[in-house]
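Numbering (my numbering), first residue to last: 8 to 338.
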């Protein structure tokens with residue numbers, strides 16, 4: 008099996024590449040990545056000899072057509088994904104998330120290649136803190152940022168290409184990931200690297216915003232379950248029952264570092280900060296038999312802390328610039 012992985016030098020994509028090489032040795036892996044600030048080829052250094060790598064954009068129709076023609080399946084991770092950046096400049100999000108997905112869909116349509124589209128629970132908007140419900144595949148879309156709206160649009164493109172052209176595609180919408188190789192601009196690695204540097208963690212506002220955390224390896228195991236056993240045209244939600252608010256995440260990390268659980272500082276909240284995400288992954292569990300391995304969130308955080316401690320050379324070069332950018336916005 009020949010698999011093209013877009014965005015394979017990014018956070019979730021790089022972990023998917025590592026997991027595929029490790030657990031599916033019969034699969035030939037090609038990575039397509041534009042190597043923007045969020046893509047780092049060093050994330051693939053230990054598997055470089057086991058894969059093929061192409062640098063370029065998913066919106067480059069000629070390049071995409073050539074790579075798709077040589078593939079049996081495409082797993083589409085490539086996306087602009089940082090909410091704050093989408094508020095500063097939405098244009099890259101439109102180009103990558105919408106035009107890039109369209110370009111891939113046309114290529115897989117032409118060559119009859121299986122397509123799996125990685126999306127986010129943020130397409131559904133957010134839930135109130137006291138709302139007992141969770142997102143399901145039937146939840147109406149209600150995105151609240153340029154990031155989530157372009158991901159919602161890309162999902163709808165996939166659905167339309169399935170219905171109109173018979174493209175062999177599936178979609179997964181996942182909750183918030185954490186784990187190795189995540190850029191230090193993101194919430195959990197930012198706090199971990201601050202603590203490694205002896206800096207107090209930063210908490211947005213009151214820290215009551217709830218996310219449904221899942222370890223990246225559990226996410227990628229679910230993607231393989233969908234590739235192997237998923238029904239074409241279906242949407243599967245991926246979550247690990249990991250609802251935790253930002254305040255508790257920060258306090259847990261402080262405890263892991265042996266610090267007082269209140270040793271953090273409040274910073275300006277993010278504009279339009281969604282309150283709560285929650286995933287109902289029963290369809291994935293019941294139909295495909297997937298279950299998460301990292302069911303203890305603290306243990307998952309401890310493993311992630313260990314990774315950042317032992318891979319300082321990976322994140323150190325960009326840390327100062329990220330903190331300077333946050334400082335300009337009071338965050």
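All C-beta atoms in this analysis are idealised placements derived from N, C-alpha and C, irrespective of residue type, glycine included.
Buried or exposed, going by whether 16 or more other CB atoms sit within 10 Å of the CB of residue 120? With 16 or more other Cβ atoms inside 10 Å of its own Cβ, residue 120 counts as buried.
Looking at residue 43: is its Cβ nearer than 9 Å to the Cβ of residue 100? Contact: no.
Looking at the secondary structure, which residues open and close the alpha helix (DSSP H) in which residue 172 lies? Where residue 172 is concerned, the enclosing alpha helix (DSSP H) stretches over 153 to 172.
Buried or exposed (CB count within 10 angstroms, at least 16 for buried), residue 242: By the 10 Å Cβ count, residue 242 comes out buried.
Delimiting residues of the alpha helix (DSSP H) encompassing residue 234: Per DSSP, the unbroken alpha helix (DSSP H) holding residue 234 starts and ends at 223 to 236.
In terms of residue numbering, what span does the beta strand (DSSP E) encompassing residue 39 cover? For residue 39, the enclosing beta strand (DSSP E) begins and ends at 35 to 40.
Could you work out which residue in 34, 77, 189 and 248 is closest to residue 291 when comparing CA atoms only? Of 34, 77, 189 and 248, the smallest CA-CA separation from residue 291 is found for 248.
Can you check whether the CB of residue 228 is closer than 9 Å to the CB of residue 300? The beta carbons of residue 300 and residue 228 sit closer together than 9 Å.
Whose CA, out of 110, 155 and 8, lies closest to the CA of residue 69? Closest by alpha carbon: 110.
Closest Cα partner of residue 266 within the set 199, 283 and 274: Of the listed residues, the one whose Cα sits closest to residue 266 is 199.
So, is residue 133 buried or exposed, given that buried needs 16 or more other C-beta atoms within 10 angstroms? Residue 133 is buried by the Cβ-count criterion.
Taking the Cβ atom as the reference point for each residue, do residue 216 and residue 184 lie within a distance shorter than 9 Å? Not in contact: residue 216 and residue 184 (Cβ atoms no closer than 9 Å).
Would you say the stretch 177 to 192 touches the stretch 12 to 19, given that touching needs at least three Cβ pairs under 8 Å? By the Cβ criterion, the stretch 177 to 192 is in contact with the stretch 12 to 19, since at least three pairs of Cβ atoms, one from each stretch, lie closer than 8 Å.
If I measure Cβ to Cβ from residue 130 and keep anything under 7 Å in the same chain, skipping five residues before and after, which residues do I get? Once the five neighbours on either side are set aside, the close Cβ partners of residue 130 are 148, 150, 155, 158, 159, 162 and 180.
CA-to-CA distance, residue 186 to residue 22, given in whole angstroms: The C-alpha of residue 186 is placed about 9 Å away from the C-alpha of residue 22.
Mind checking who residue 274 pairs with in its DSSP beta bridge? Secondary-structure assignment with DSSP links residue 274 through a beta bridge to 211.
When the Cα atoms are used, what is the spatial distance from residue 50 to residue 321? Approximately 8 Å between the Cα atoms of the pair.
Just curious, the beta strand (DSSP E) that residue 118 is in, first and last residue? Element bounds for residue 118: not the beta strand (DSSP E) but the alpha helix (DSSP H), 108 to 118.
Where do the ends of the beta strand (DSSP E) carrying residue 180 lie? DSSP places residue 180 in the uninterrupted beta strand (DSSP E) bounded by 176 to 181.
How long is the line joining the alpha carbons of residue 330 and residue 208, rounded to whole angstroms? In this model, residue 330 and residue 208 are separated by some 12 Å (Cα to Cα).
How long is the line joining the alpha carbons of residue 295 and residue 288, rounded to whole angstroms? Taking the straight line joining both Cα atoms gives about 11 Å.
Quick check on DSSP: helix, strand or coil for residue 319? Helix, per DSSP.
Name the residue from 37, 29, 211 and 305 whose alpha carbon lies nearest to the alpha carbon of residue 264. For residue 264, the nearest C-alpha among the options comes from 305.
Contact belief for residue 6 with residue 37 at Cβ below 8 Å, rounded distance in angstroms: Residue coverage of the chain in this structure runs from 8 to 338, which leaves residue 6 outside it and unanswerable.
Which word fits residue 86, buried or exposed, when buried means at least 16 other C-beta atoms lie within 10 angstroms of its C-beta? Buried.
Please report the residue range of the beta strand (DSSP E) in which residue 9 lies. That run of the beta strand (DSSP E) goes 9 to 13.
Since residue 62 sits in a beta bridge, which residues does DSSP pair it with? Per the DSSP secondary-structure output, residue 62 pairs in a beta bridge with 40.
How many Å lie between residue 58 and residue 274 at the Cα? Between residue 58 and residue 274, the C-alpha separation is close to 42 Å.
Among 284, 298 and 307, which residue has its Cα nearest to the Cα of residue 135? Nearest C-alpha to residue 135 among 284, 298 and 307: 284.
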